[in-house]
Amino acid sequence: MPKSIKIFIKMTPKTAITPQLCVTILISYISFIPKCYNKNAKRRNMATSIEEALQIIYKHTAPKSLKIVPIENALGYVLAEDITATHNLPPFDNSAMDGYAIKADDAQMSLKVKHTIFAGDNSGEELESGFAIKIMTGAKIPIGCDSVVPIERVQNFDNAITIMDKVKKGSNIRLYAEDIKSGSTLLNKGEKIFAHHVTLLASQGISHIKVYKKPKVAIFASGNELKMHFESVDAHQLYNTNSPTFFARAKELGCDVDFIGTAKDSLENIHKHIQSALDSDLIITSGGVSVGDADFTKEAFGAFGYEIYFDKVDIKPGKPTTFGKCKETLVLNLPGNPLAAALNFEIFAQTIILALKGDAAKYIAPLETKMANDYAIKNGKIAVIPGFFDGASFKAHEKFSPGMIMPLALCNAFIIVDEKCQMLKKDSSIKIISTRFSFNSKEQKELLNRCRI
Ligand SMILES: Nc1nc2c(c(=O)[nH]1)N[C@H]1C(S)=C(S)[C@@H](COP(=O)(O)OP(=O)(O)OC[C@H]3O[C@@H](n4cnc5c(N)ncnc54)[C@H](O)[C@@H]3O)O[C@H]1N2
Ligand code: MOO
Numbered sequence: 001m002p003k004s005i006k007i008f009i010k011m012t013p014k015t016a017i018t019p020q021l022c023v024t025i026l027i028s029y030i031s032f033i034p035k036c037y038n039k040n041a042k043r044r045n046m047a048t049s050i051e052e053a054l055q056i057i058y059k060h061t062a063p064k065s066l067k068i069v070p071i072e073n074a075l076g077y078v079l080a081e082d083i084t085a086t087h088n089l090p091p092f093d094n095s096a097m098d099g100y101a102i103k104a105d106d107a108q109m110s111l112k113v114k115h116t117i118f119a120g121d122n123s124g125e126e127l128e129s130g131f132a133i134k135i136m137t138g139a140k141i142p143i144g145c146d147s148v149v150p151i152e153r154v155q156n157f158d159n160a161i162t163i164m165d166k167v168k169k170g171s172n173i174r175l176y177a178e179d180i181k182s183g184s185t186l187l188n189k190g191e192k193i194f195a196h197h198v199t200l201l202a203s204q205g206i207s208h209i210k211v212y213k214k215p216k217v218a219i220f221a222s223g224n225e226l227k228m229h230f231e232s233v234d235a236h237q238l239y240n241t242n243s244p245t246f247f248a249r250a251k252e253l254g255c256d257v258d259f260i261g262t263a264k265d266s267l268e269n270i271h272k273h274i275q276s277a278l279d280s281d282l283i284i285t286s287g288g289v290s291v292g293d294a295d296f297t298k299e300a301f302g303a304f305g306y307e308i309y310f311d312k313v314d315i316k317p318g319k320p321t322t323f324g325k326c327k328e329t330l331v332l333n334l335p336g337n338p339l340a341a342a343l344n345f346e347i348f349a350q351t352i353i354l355a356l357k358g359d360a361a362k363y364i365a366p367l368e369t370k371m372a373n374d375y376a377i378k379n380g381k382i383a384v385i386p387g388f389f390d391g392a393s394f395k396a397h398e399k400f401s402p403g404m405i406m407p408l409a410l411c412n413a414f415i416i417v418d419e420k421c422q423m424l425k426k427d428s429s430i431k432i433i434s435t436r437f438s439f440n441s442k443e444q445k446e447l448l449n450r451c452r453i
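Take the sequence shown: its position 309, counting from 1, is numbered 309 in full-length UniProt numbering, and each next residue is one higher.
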């Protein structure tokens with residue numbers, strides 16, 4: 001905040017509003033405007049709304065460059081090209097059962113059985129009336145045959161069969177191209193590859209595909225009090241839990257992740273960590289973003305040309321969340337408090353990662369469910385509340401605060417409520433965001449639960 005604004009705040013309780021003071025205030029206010037990152041944020045004392053913050057992220061985040069991967073190693077990558085079918089499937093009419101290839105009109109008659117056709121045989125044989133050909137599942141249907149009767153429905157005498165029931169034409173025949181037609185679009189650019197997409201690609205004899213490279217993410221924390229989990233910790237210190245959390249979650253979301261280390265609360269030491277992280281697409285830090293005497297994170301990034309796009313979000317916890325760019329590297333500074341850091345990672349880091357991946361479904365998709373019980377909300381702010389979704393309803397976690405680490409290990413989802421929410425009634429519908437599964441959408445969805453008072 002500019003000094004003049006601070007002066008204004010300090011003076012008002014005791015000072016009379018004179019015309020000169022009004023002019024001073026006006027000038028301070030006007031000089032303050034260009035420093036705002038966006039108009040609406042200014043109205044809310046510089047805190048950017050969640051929606052605006054997400055828009056800013058989408059505006060500044062583009063997918064990475066491309067590479068080619070074998071399909072069996074393509075899981076989690078996002079396609080950078082459309083895939084068109086070049087093979088019809090099935091490639092020919094074939095039998096769905098082990099049985100007899102017949103003409104339906106020959107049912108309820110005794111039919112002479114010719115030889116057997118197996119899957120993989122390439123006989124161009126023709127079936128004549130009064131005959132049946134024994135056929136195995138997957139084998140090519142002989143010319144003139146319009147039905148297959150399963151072995152179990154046939155009476156067998158020497159070299160002849162009798163089919164007792166009537167037969168519907170087309171029975172047990174899998175038709176040419178009924179599954180996939182050559183020339184049809186199989187997968188679109190922007191589609192994330194799952195195991196069942198590999199099935200499609202293999203069915204077309206596609207061995208390699210063009211994908212977006214995985215986002216390269218660098219993680220570090222800052223705080224003199226922090227030790228790594230592989231170090232010994234004194235009574236006045238604590239383990240850095242944020243970095244392993246971010247590392248694991250960024251991996252879960254399909255990134256290549258580097259852990260850079262735990263920085264001391266000094267510009268010099270944070271600079272070293274930034275330097276080591278700048279070859280990444282995204283740096284995610286935690287700690288040192290508040291207003292304390294040892295909070296140097298943003299200042300340290302400033303030495304590398306940090307262009308800040310927002311530096312406060314209208315959300316509790318997580319208000320000091322900051323996003324920007326140093327040259328080509330995106331930077332997300334999350335607060336040090338572990339629960340605040342982890343929850344805001346889910347909203348902001350996940351959004352950046354999805355957009356970096358080139359995923360067409362880059363928007364977080366909340367799930368609609370209902371509240372398991374009445375839940376009273378006290379704080380009158382836009383709030384993030386962790387809880388557990390059991391497949392039928394959402395139960396808010398009973399006791400949590402921004403500095404805790406236990407709640408998220410016990411929770412699998414969270415809700416965001418607006419400042420008007422005071423009570424969520426049992427069975428009322430609610431939008432939840434999963435922390436265990438990724439539900440994404442091609443359209444941007446409303447994440448907030450807006451309450452009427
Ligand atoms: N005067 C004010 N004080 C604070 C404000 C404010 O607006 N005015 N905001 C509060 C909020 S909200 C948050 S969140 C924190 C954010 O502070 P920092 O990002 O600067 O975080 P630190 O001070 O470095 O640490 C806060 C807390 O979290 C612990 N921590 C930090 N890093 C880790 C880590 N990697 N693993 C585990 N725990 C970590 C740290 O020990 C502190 O206890 O500021 C409030 N204060
Ligand atoms: O992000 Mo802070 O944790 O709101 O308390």
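Just so it is clear, CB atoms sit at the ideal spot from N, CA and C, and this is done for glycine as well. Everything numeric in this text was worked out from a predicted model, so none of it was measured.
Contact holds between the segment 432–452 and the segment 343–358, because three or more Cβ pairs, one in each stretch, are under 8 Å apart. In this structure, DSSP gives glutamate 268 a helical state, which the three-state scheme calls helix. At the C-beta level, lysine 169 and serine 129 stay beyond 8 Å of one another. Serine 222 is classed as buried because its beta carbon has at least 16 other beta carbons within 10 Å across all chains shown. One thing to note: proline 335 has its Cβ within 8 Å of the Cβ of proline 320.
Relative to the Cα of leucine 226, the nearest Cα in the group Ala248, Thr262 and Thr245 belongs to Thr262. In the structure shown, lysine 192 adopts extended strand secondary structure according to DSSP, grouped into three states.
Note that the C-beta distance between isoleucine 173 and isoleucine 133 is not below 8 Å.
Contact between serine 280 and phenylalanine 259 is ruled out by a C-beta separation of about 11 Å, above the 8 Å threshold. In this structure, phenylalanine 400 lies away from isoleucine 432, with their beta-carbon atoms at least 8 Å apart.
Collapsing the DSSP output to three states places alanine 85 in coil. In the three-state DSSP reduction, isoleucine 151 falls in the helix class (H, G or I). Where glutamate 51 is concerned, the enclosing alpha helix (DSSP H) starts and stops at 50–60. Per the coordinates, the alpha-carbon of alanine 53 lies some 57 Å from the alpha-carbon of serine 95. Annotated three-state conformation of methionine 406 is helix, per DSSP. Asparagine 379 has its CB no nearer than 7 Å to any heavy atom of ligand 2. For the pair isoleucine 284 and proline 402, the Cα-to-Cα distance works out to about 18 Å. Taking a C-beta distance under 8 Å as the contact criterion, proline 366 and leucine 343 do not qualify as a contact pair. Within the segment 323–389, the complete beta strand (DSSP E) runs of at least 3 residues fall at 329–334, 367–370 and 383–389. The Cβ-Cβ distance between glutamate 419 and glycine 380 falls below 8 Å. Taking 8 Å as the cut-off, the Cβ atoms of proline 407 and histidine 208 do not count as close. By the neighbour-count definition (other C-beta atoms within 10 Å, threshold 16), glycine 99 is a buried residue. The segment 141–160 and the segment 110–129 touch, with no fewer than 3 CB-CB distances between them shorter than 8 Å. The residue from Ala300, Asp265 and Ile377 with its alpha-carbon nearest to that of asparagine 449 is Ile377. Beta-bridge annotation (DSSP): methionine 423 is paired with Ala376. A direct Cα-to-Cα measurement between aspartate 234 and lysine 264 gives close to 16 Å.
Ligand 1 has a heavy atom closer than 7 Å to the beta-carbon of proline 317. The C-beta distance from alanine 303 to histidine 273 rounds to 12 Å, too long to meet the 8 Å contact threshold. Straight-line spacing of the CA atoms in leucine 267 and serine 286 works out to 15 Å.
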